[in-house]
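Each residue of the sequence shown is one higher than the one before, counting from 5 in the numbering used here.
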Amino acid sequence: MSILRESTDGGDITTDHHDQQENLGPTSILEPSVEVLLLRARLAKLEGQISSTSSCASFELLDFVGDAADTSDNEPGKIAEHEGGNESAAVDHLLLSSTELHEKEELDQTKEESKNTKESVDKKHEEQMAELLREEMKEQRETDVAELEEQKLSNANKFAEIEQKNALQQENVVKLEKDQNEQQLNIGPNRWDSAACHPDLALSEPARMIVRGKGWGSVIAEKPVSKNPYFEVRILRNTSTILVGLATKQMPLDREFVGAHKGTYAYVSDGTFWSNEVEGTSHYNGRPRIGGKPPFGVGDVVGCGINLKNGQIIYTKNGKRLDTDGLFVNSAANLSPCVTLWGSRAKIEANFGPNFQFNISDGI
């Protein structure tokens, strides 16, 4: 409208247009850029994403806009020419800075959350391991205490068992001593029976303990082994054979010797047992003989007896018991101590108790 008016008046159109353009130019160029800047700054502030970096970016953009304004005063044509490009560059710069800041903050936040999560997991794992260790230590202590109590109880039981065994052993010792004393007391006086002595044998009077041989023959004691279950004979002299054993009163004194007669038993000086039939025995005139036993001679003490509880025959030499496994008498009721002497110079001395070399409590 103004152009038409000026043309009609015939004035200077170029000058008037330049003046109008000079007045309008800055407003049309600067105002959109400032509005965009303020809008973006307000948006960043509302989102809480403006940092020192974003402030710098805003200041750079303001400087950029300021430079553009200064330039527009001198070069209005260039500003008008580049108006669209400058606004677009400023907006792109601002958006890029805001996006980068947002992504950086998200990355930092993710890292922080990951760090916190890892610390939380590590702490929880440490707590779990500590709790597990405490539980294991508690279980181990309980196990140790239980084992210790069990060991104490086991030791107490063992000590009680040992004490019980010791008491039982002591009781057995007392019983054995009592039995031995009773057996010693029960052994009454015994001696060789002059009525059951071969004429070729001589008895020492009045004890009748010593027997001397003038030929050969046997002698039997007055009392049976049921009254005196054990006796010993010391060999004082020997020129041939001596037999120590058990015989019945019915055994002939002049025709047979102890052990050879049926129902009699003997330990012979040559180291043989004449006894009942057992495995490994030989025979002499139909009588079982067991060889390989210790022989005896002058100075030796030979013992003979019966275990009245089971009927086993007992032979001893110098206080030591010999092996008589399997040797038993049928009946001890009619058996009495007996010796048979072969040789004119044989001599023995009997001991009917109670003091023997052999401890009769070991088997009588």
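Quick reminder that beta carbons are idealized off the backbone N, C-alpha and C, glycines included.
Not a single unbroken stretch of the alpha helix (DSSP H) spanning 4 or more residues falls wholly within the region 260-348.
Within the DSSP bridge table, the entry for Arg-241 names Lys-351 as partners.
For Ile-224, the uninterrupted beta strand (DSSP E) run begins and ends at 220-225, by DSSP. In this model, Leu-157 and Met-133 are separated by some 36 Å (Cα to Cα). Of all C-beta pairs linking the region 302-310 to the region 237-251, three or more are shorter than 8 Å, placing the two stretches in contact.
Assignment of Asp-197 by DSSP, reduced to helix, strand and coil, places it in the strand class. Cα atoms of Asp-204 and Ser-273: separation of roughly 20 Å, rounded to the nearest angstrom.
The straight-line gap separating the alpha-carbon atoms of Gly-330 and Lys-179 is approximately 27 Å.
At least 7 Å separates the beta-carbon of Ile-224 from that of Asp-258.
Here Phe-356 is buried, its C-beta having at least 16 other C-beta atoms within 10 Å. Non-local beta-carbon contacts of His-202 in its own chain, meaning distances under 7 Å to residues more than five positions away in sequence, involve Gly-221, Ser-222, Val-223, Leu-257 and Asp-258 in chain order.
Leu-345 is a Cβ neighbour of Gly-217, given a cutoff of 7 Å.
Per DSSP, the unbroken beta strand (DSSP E) holding Arg-216 starts and ends at 214-217. In the DSSP assignment, Glu-236 is bridged to Gly-307 and Asn-355. Shown here, Ala-206 sits in a strand according to DSSP, grouped into three states. If you ignore the 5 residues before and after Gly-323, its C-beta comes within less than 6 Å of the C-beta of Gln-361 and Phe-362, all in its own chain and listed in chain order. When rounded, the separation of the alpha-carbon atoms in Leu-172 and Glu-153 is 28 Å. When DSSP reads this structure, Val-178 sits in no beta bridge, so it has no partner. Residue environment for Ser-124: exposed (fewer than 16 other C-beta atoms within 10 angstroms of its C-beta).
In this structure, DSSP gives Leu-257 a state outside helix and strand, which the three-state scheme calls coil. For Leu-247, the beta-bridge partners assigned by DSSP are Val-272 and Thr-344. Proximity to Val-262 across Pro-341, Glu-117 and Glu-116 peaks at Pro-341, based on C-alpha coordinates.
Take the alpha-carbon of Glu-116 and the one of Ser-101: they are about 22 Å apart. Straight-line spacing of the CA atoms in Leu-137 and Asn-161 works out to 35 Å. The Cβ atoms of Val-237 and Ile-352 lie closer than 7 Å to each other.
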